[in-house]
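Taking it in order: structure first as C-alpha cells, then the write-up.
Numbering (our numbering), first residue to last: 7 to 318.
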C-alpha cells in the first residue's frame, strides 16, 4: 500500500460506507413498502434484508473509524481485530435472516402459496436490480481503490442482492405472461418458490464471509504458501550471521499482519546491537516485498541463544 493510499484510505472507505448507508435506507423504505403493498414475501424479505444492511453499514462505518486509530492504554494492540469480528457478526446475522426466510417461504409454499400484484412487483424488481448493481459497483470501486475489506464485503453484499433482484424480476415477468395460460393456477406458488431458491443461492455468501473472517478472529495462521514465502524471504536476509535456525509465528488480523521472528543464534556469534538492528532492517525489507494483502505489518524480531525463550 503506497503512502498516498495510506493517507487516503479513511476518506475513501468512509465515503463508500456512507454511500452504502443511504442506499440501504432507500431500499429499506421501498422494499418494505412494496412488499406490504404487493403481498410479496420475496420483496418483503428484500426490504427486511436492506434494513439489516442499514444497521450493519452504520456499525461498519463506526468500526472503520476505529480500526485506523493508533493503540491506546485500553487497546494496546490497536483496534484492527474489530474488522474481522464485525464481518463474522454480519455473516451470522445474514445467515440467520436467510434461514428464517427459507422456513417462511417453505411454509407458504406448502400452504398453497399467495397471490401478489405482479405489475407493481415487476416495477420494484426493475428498480432494485438497477439500484443494487449501481450501489454495489460504486462501493466496490472505492473499496478496491484502498483495498478495504470492510467496503468490499459490503459491495459484494450489494452486488449479489442485485443479482437476486434480477432473478426475482425474471420470475415475475414469467408469471405475468402466464396469467392467462393453463399454468395460471401455479402462479401463487411462484413467490414463496422464489424465496426458497434465492435463499439457497445466497446462503453460501455469508458462510464464506464467516469462514474467511473467523480465521482472523481466532488468530489462525495464514496459508501454507504465504508462510513458505515469508520463511524463504527471511532465510535470505539472515545470510552472513551464524545462527542455528529460526522460528516464525504469524497471523493476519483485519488489515494488519502480525509476524514474530525468533532467531536462535549460534553460541559463538558475537554480533553487537547495531549489527542485530541491521539484520532486523533486512528482515523488515524482505517481509515488505511479500504480498500479505495487509495495510501494515506488525513485526517483532528476537535473537537468543537459548531455545527455551522460543518454545517454553
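Note that the Cβ used here is the ideal one computed from N, Cα and C, for glycine as well.
Cβ of residue 215 within 7 Å of Cβ of residue 93? yes
Contact set for residue 148: own chain, Cβ-Cβ below 8 Å, skip 5 residues either direction: 18, 19, 21, 22, 25, 154 and 157
Output the boundary residues of the alpha helix (DSSP H) element that contains residue 153. Segment: none, residue 153 is in no alpha helix (DSSP H) and carries neither H nor E.
Would you report the Cα separation of residue 193 and residue 121, rounded to the nearest angstrom? 7 Å
Excluding the 5 residues preceding and the 5 following residue 142 in the sequence, name in chain order all residues of the same chain whose CB lies nearer than 7 Å to its CB. Closer than 7 Å at Cβ, skipping near neighbours: 161, 164, 165 and 168.
Looking at the strands, I want to know which residues DSSP matches up with residue 257. 264
Could you check the C-alpha separation between residue 180 and residue 187 for me, to the nearest Å? If you take the alpha carbons of residue 180 and residue 187, they lie about 11 Å apart.
Is residue 144 helix, strand or coil by DSSP? helix
Below 6 Å, is the gap between the Cβ of residue 209 and the nearest heavy atom of the ligand SAM? Ligands in the displayed structure: none, and consequently the ligand SAM is not present.
Between residue 236 and residue 137, what straight-line distance do the alpha-carbon atoms span, to the nearest angstrom? 43 Å
Less than 7 Å between the beta carbons of residue 253 and residue 316, yes or no? yes
Straight-line CA distance for residue 8 to residue 150? Because the pLDDT at residue 8 is just 46, under 50, the model does not fix this residue reliably, and the point stays unresolved.
Coil, strand or helix - residue 270 by DSSP: strand
Which value, in whole angstroms, describes the spacing of the CA atoms of residue 242 and residue 258? Pairing residue 242 with residue 258, the inter-Cα distance amounts to about 23 Å.
Using a Cβ-Cβ cutoff of less than 6 Å, which residues in the same chain neighbour residue 10 once the five nearest sequence positions on both sides are dropped? Residue placement at residue 10 is flagged as unreliable, the pLDDT there being 42, under the threshold of 50; the coordinate-derived value follows with that caveat. Within the same chain, residue 10 has no close Cβ partners at all.
Separation of residue 303 from residue 247, as counted between CA atoms: 24 Å
Nearest to residue 230 by CA position, among 255, 65 and 29, is which residue? Per the Cα distances, 255.
Closest Cα partner of residue 312 within the set 271, 285 and 211: The residue with the shortest Cα to Cα distance from residue 312 is 271.
Jot down the residue ranges of each uninterrupted alpha helix (DSSP H) in the stretch 196 to 220, minimum 4 residues, whole runs only, in chain order. DSSP runs (the alpha helix (DSSP H)) wholly in the stretch 196 to 220: 196 to 208.
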